[in-house]
Amino acid sequence: MARMFLLSVVALAACGGSERAQLEGTVGVVSLDDGPRLSAPRATHATVRTETGELLAIGGCVAAGCEPGQASATVDVFSPDGVRLVRTGTLIERRVQPMAVAIGGSRVLVLGGWVDGRVSTTTEIFDSSTGRSVPGPNLARPLTSASLVRLHDARILIAGGYDGREVQARAQIFDPKSNTFLNTGSLVTARSGATASLLDDGRVLIAGGGDSESAGRRALASAELFDPANDTFSQTGAMAQRRYKHGAVTLENGDVLVIAGSDERDYGGKLRSVERYDAARGRFVAAGSLARARFKLADGVMLIDDGRVLIGAGDEQPEVFDIDRQSGELVAASLDGQWNYMTLVPAGKRTALLMGGYREGRIEPTDRSWIVRF
Numbered sequence: 001m002a003r004m005f006l007l008s009v010v011a012l013a014a015c016g017g018s019e020r021a022q023l024e025g026t027v028g029v030v031s032l033d034d035g036p037r038l039s040a041p042r043a044t045h046a047t048v049r050t051e052t053g054e055l056l057a058i059g060g061c062v063a064a065g066c067e068p069g070q071a072s073a074t075v076d077v078f079s080p081d082g083v084r085l086v087r088t089g090t091l092i093e094r095r096v097q098p099m100a101v102a103i104g105g106s107r108v109l110v111l112g113g114w115v116d117g118r119v120s121t122t123t124e125i126f127d128s129s130t131g132r133s134v135p136g137p138n139l140a141r142p143l144t145s146a147s148l149v150r151l152h153d154a155r156i157l158i159a160g161g162y163d164g165r166e167v168q169a170r171a172q173i174f175d176p177k178s179n180t181f182l183n184t185g186s187l188v189t190a191r192s193g194a195t196a197s198l199l200d201d202g203r204v205l206i207a208g209g210g211d212s213e214s215a216g217r218r219a220l221a222s223a224e225l226f227d228p229a230n231d232t233f234s235q236t237g238a239m240a241q242r243r244y245k246h247g248a249v250t251l252e253n254g255d256v257l258v259i260a261g262s263d264e265r266d267y268g269g270k271l272r273s274v275e276r277y278d279a280a281r282g283r284f285v286a287a288g289s290l291a292r293a294r295f296k297l298a299d300g301v302m303l304i305d306d307g308r309v310l311i312g313a314g315d316e317q318p319e320v321f322d323i324d325r326q327s328g329e330l331v332a333a334s335l336d337g338q339w340n341y342m343t344l345v346p347a348g349k350r351t352a353l354l355m356g357g358y359r360e361g362r363i364e365p366t367d368r369s370w371i372v373r374f
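In UniProt numbering, the protein residues as written are 1 to 374.
See below:
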C-alpha cells in the first residue's frame, strides 16, 4: 500500500537561530514507496534509461568504504515502471564511478571510471536486452568525473574530467554510428565534476566543478558553452557561487537550474542556493534556496513538471523545489538515513525510481530503492 506524505516546509525562525515547522505543502502530494531491491548495494554508480525504456543501475562501489567488489561488474535492469528487477547483467570490468549514456535502442555506452584502483581508458557497450557487454573503443586518456551529454545529432560529448593525476580540459566526441571517438576543442577551464545541460538550440552549458582532485581543490563559479556547429567551447556568464558536487536540470523554457552542491570546503561548505542560467541572455540569476543544504547530488535531481524539481539525494528527506516560489519543501518521509550519490531516473507516468547511494559518515552503500510518485 502506498505511503502518502504531505510536503513539509522548513521555516526559519525570525531570530535566534532556526527551527523546523511542519506545515501542509502547497505544491501537491508526493508518495514514497519502497522499491525493488538492487542485486547488491551500490553508490557512485551510473543510472540510464534506455530508448527501449529499461532503467539501468551500472557498476559503482558495493562495499563499506565505497570499495569495489564483484558486483561492480554488474548492471541491474529494471522494468520501465521501476517496480521490478528484471535481470542483472554483466560488465567486462569492475567499474567504480563509471560514466554512461544511452546510444540507441537497448544499448548503453559505459566509459572509464576506476578499474583495479586506477582510472581507466576502457569503454564497453552494454545491451540491456541480452545483459551483456562488448568492448568499445578506448578513450584517448584515462577518465572519470567528466561532463557527459547526448547531443541533438545523437553524438556524445565527453568534456573535462580527471585522469588519475590531474583535472582535464580536453574533450572528445563519440559517434555511435562509426563507434569511434574523435578529439574536439578543449574547455576554456579544466574542470572535473561539472554539470552538462543540453540547451534547446543544441548547445551545451557546462557549469561549475572543481579545478583539482587534491587537497588544494578550488570549486569553480565559471561556466562555458559547447557549440556543436563548430565543436568549440566559449566562456559564458559565471555563477554567483563557486560550486561542485551540485545538480542541474534543463527547464521547459530552455533555461537551466543549477542546484546546491558545495564549495571547496566539501562537507563544511554545503549549499542551499539555486541559480538559473538565462539561456537567452547568457547569464546566471539568483533563483532561490532549498529547504536544506545538499551536495553529492550526482544524478539525484529531476524536473518532474514545468514548475517543480525533485531533489532526491543529499539528505534523509527528499525535497521538491518550486521554481516560481523559489523555495524547497521537504517530503515528510524519511529514507532512513542520509544517502549521498543516489540516482534518480524517470520511470512510468509521473513516477521516478530513486536508488542506491552511500550513508553519510559511515560510507556504506545501500541496495534499497524508492518509488516516487508525484
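Ideal placement from N, C-alpha and C gives every residue a C-beta, glycine not left out.
Assuming contact is defined by CB atoms lying nearer than 8 angstroms, are Ala46 and Ala71 in contact in what I supplied? no
Would you mind working out which of Pro137, Arg276, Lys296 sits nearest Arg265, comparing C-alpha positions? Lys296
Within its chain, find whatever has a CB closer than 7 angstroms to the CB of Ala140; leave out the 5 residues flanking it on each side and keep chain order. Gln172, Phe181, Asn183
In whole angstroms, what is the alpha-carbon distance linking Phe233 and Ile156? Per the coordinates, the alpha-carbon of Phe233 lies some 15 angstroms from the alpha-carbon of Ile156.
Identify the continuous beta strand (DSSP E) that holds Glu319 and give its terminal residues. 319-322
The beta strand (DSSP E) with Ile103 in it runs from where to where? 99-104
Classify Ala260 as buried or exposed, calling it buried when 16 or more other Cβ atoms lie within 10 Å of its own Cβ. buried
Which listed residue (Pro176, Asp175, Ser145) has its alpha carbon closest to that of Gly161: The shortest CA-to-CA distance from Gly161 to any of Pro176, Asp175, Ser145 is the one to Ser145.
One or two residues paired with Asp127 in a DSSP bridge: Arg107, Arg132
For Leu225 and Val204, which I take to be in contact (beta-carbon distance under 8 angstroms), what is that distance rounded to the nearest angstrom? 7 angstroms
Kindly list the residues whose CB is nearer than 8 angstroms to the CB of Gly35, restricted to its own chain and excluding five residues on each side of it in sequence; keep chain order. Gly82, Val83, Leu353, Leu354, Met355, Arg368, Ser369, Trp370, Ile371
What three-state label does DSSP hand Tyr267 in the structure shown? helix
Three-pair Cβ contact test at 8 angstroms for the region 91-108 versus the region 118-137: Yes, they touch.
For chain E, find out if any of its Cβ atoms is closer than 8 angstroms to the Cβ of Arg150; answer yes or no. Of the chains in the structure shown, none is chain E; there is only one protein chain.
Pick out the complete beta strand (DSSP E) segments inside the region 196-231, 3 residues or longer, and give them in chain order. 204-207, 223-227
Where Leu290 and Arg95 are concerned, what is the direct C-alpha to C-alpha distance, given to the nearest angstrom? 32 angstroms
For Ala287, which residues of its own chain have a beta-carbon under 7 angstroms away from its beta-carbon, when the five flanking residues on both sides are left out? Excluding positions up to five away in sequence, the list reads Leu257, Val274, Glu275, Arg276, Gln326.
Beta-ladder partner(s) of Ser120, from DSSP: Paired residues: none, contrary to the question.
Report buried or exposed for His152, applying the criterion of at least 16 other Cβ atoms within 10 angstroms of its Cβ. exposed
Helix, strand or coil, according to DSSP, for Gln70 in the structure here? helix
Contacting residues, own chain, Cβ-Cβ under 7 angstroms from Ile363 (five flanking each side not counted): So the qualifying residues of the chain are Ala64, Gly65, Cys66.
List the whole-angstrom C-beta distance separating Arg294 from Ala313, where the pair is believed to meet the contact cut-off of C-beta under 8 angstroms. 7 angstroms
Classify Glu252 as buried or exposed, calling it buried when 16 or more other Cβ atoms lie within 10 Å of its own Cβ. exposed
Contacts around Gly136, its chain only, beta-carbon distance under 6 angstroms, and the 5 residues preceding and following it disregarded: Thr123, Glu124, Ile125
Could you give the DSSP three-state label for Leu56: helix, strand or coil? strand
Figure out for me which residue from Asp255, Gly53, Gly210, Asp231 has the closest Cα to the Cα of Gln241. Per the Cα distances, Gly210.
With which residues is Ser289 paired in a DSSP beta bridge? Ser273, Ser327
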